[in-house]
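Trainee: If you scroll down you'll find the structure; I have some questions about it.
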Amino acid sequence: VADSPRMTTETLLEQLVAAATAWSGWELAAVALGIAYLILAVRESLWCWYAAFASTAIFLWLFWQVGLLMESALQLYYLAMAIYGWSQWRGSDADSSSGGEPHRLAITTWPVHWHLLALASVLAASAGSGFLLDQYTDAALPYADSFTTWGSILTTWMVARKVLENWLYWLVIDSISIYLYWDRGLLLTAGLFAVYLVIVIFGYLQWRKHYHLQPAYV
1 VADSPRMTTE
11 TLLEQLVAAA
21 TAWSGWELAA
31 VALGIAYLIL
41 AVRESLWCWY
51 AAFASTAIFL
61 WLFWQVGLLM
71 ESALQLYYLA
81 MAIYGWSQWR
91 GSDADSSSGG
101 EPHRLAITTW
111 PVHWHLLALA
121 SVLAASAGSG
131 FLLDQYTDAA
141 LPYADSFTTW
151 GSILTTWMVA
161 RKVLENWLYW
171 LVIDSISIYL
181 YWDRGLLLTA
191 GLFAVYLVIV
201 IFGYLQWRKH
211 YHLQPAYV
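Counting along the sequence shown from 1, when you hit position 179 you're at 179 in the working numbering, and nothing is skipped either side.
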């Protein structure tokens, strides 16, 4: 029993070495692009969607390799949403003919009953897909994988539509994702999501400030 902490430390070090040698190039690139996406999203920069597309393409391959089937499928959705988000944030060119600036997509908020409906839908979808994955596939952590997948599907759409509360949703999803990726040996990705938690808090505060200042620039 006395050797247990030492063995745990040795196991952790082995995982870190394995992560650094096996995934260093691709995972580091995906992590860097993922952080760039979130920082740019906080700033409401259109460039965030370019970073999102590149990061997602790499993660699609990584997750497939470690058996996170729902997470792999989610990346296909992310690729489509990167294009959709870019088109939404780019704005309308309705005023361009008269020399005006394109319409900027405004930050909005949801009423409480929309959030309750969203939560119920995510939980129901997670329970259903988690059960199917558990019974008919060898997917790892099927229920947690399903929850982060369905939650991310909804929340990514909220980002594309600039719904303020998306940042609060990400706090929950990213926290669970840290455990999910750590368990599968994607330590750099788990670290990325730990960084995400810090940026997400800043993002919520920044968007809330912009939301209240919108009449001055929308």
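C-beta: ideal position from N, C-alpha, C; glycine also. On a predicted model such as this, the values are computed, not experimentally measured, just so you know.
Helix or strand or just coil, what does DSSP make of T56?
Mentor: Residue state, collapsed to three classes: helix.
Trainee: DSSP state of T109, grouped into three classes?
Mentor: Coil, per DSSP.
Trainee: So the alpha helix (DSSP H) G151 belongs to, where does it begin and stop?
Mentor: G151 -> alpha helix (DSSP H) spans 142–160.
Trainee: Counting C-beta neighbours from all protein chains within 10 Å, is the total for T189 16 or more, i.e. buried, or is it exposed?
Mentor: Flag for T189 reads buried.
Trainee: Do G85 and L192 have their C-beta atoms closer together than 7 Å?
Mentor: No, they are not a contact pair.
Trainee: Using CA atoms only, rank isn't needed, just tell me which of Y136, T149, I58, T156 is closest to W26.
Mentor: Cα-wise, what sits closest to W26 is I58.
Trainee: Do A144 and L187 have their CB atoms nearer than 7 Å?
Mentor: It is not a contact, given that the beta carbons lie outside the stated cut-off.
Trainee: Could you tell me whether the Cβ atoms of T109 and L168 are closer together than 7 Å?
Mentor: No, the Cβ-Cβ distance between T109 and L168 is not below 7 Å.
Trainee: CA-CA distance, Q65 and A80?
Mentor: Cα to Cα, Q65 sits roughly 21 Å from A80.
Trainee: I need the DSSP call for V163, collapsed to helix, strand or coil.
Mentor: Strand.
Trainee: Within the same chain, show all residues whose beta-carbon is closer than 8 Å to that of L62, passing over the 5 residues directly before and after it, in chain order.
Mentor: Cβ within range, chain order: W23, W26, E27, A30, L186, T189.
Trainee: Got a sec? Which residues, its chain only, sit under 6 Å from D134 by beta carbon, not counting five neighbours each side?
Mentor: Excluding residues within five positions, the ones whose Cβ falls inside 6 Å are P142.
Trainee: Looking only at its own chain, which residues have a Cβ that is under 8 Å from the Cβ of T137, when we skip the five neighbours before and after it?
Mentor: Correct list, in chain order: L69.
Trainee: If you compare alpha carbons, which of L213, N166, A127, W150 is closest to S72?
Mentor: When only C-alpha atoms are compared, the closest one is W150.
Trainee: Leaving out the 5 sequence neighbours to the left and right, which residues in its chain are closer than 8 Å to I153 when beta-carbon positions are compared?
Mentor: L74, Y77.
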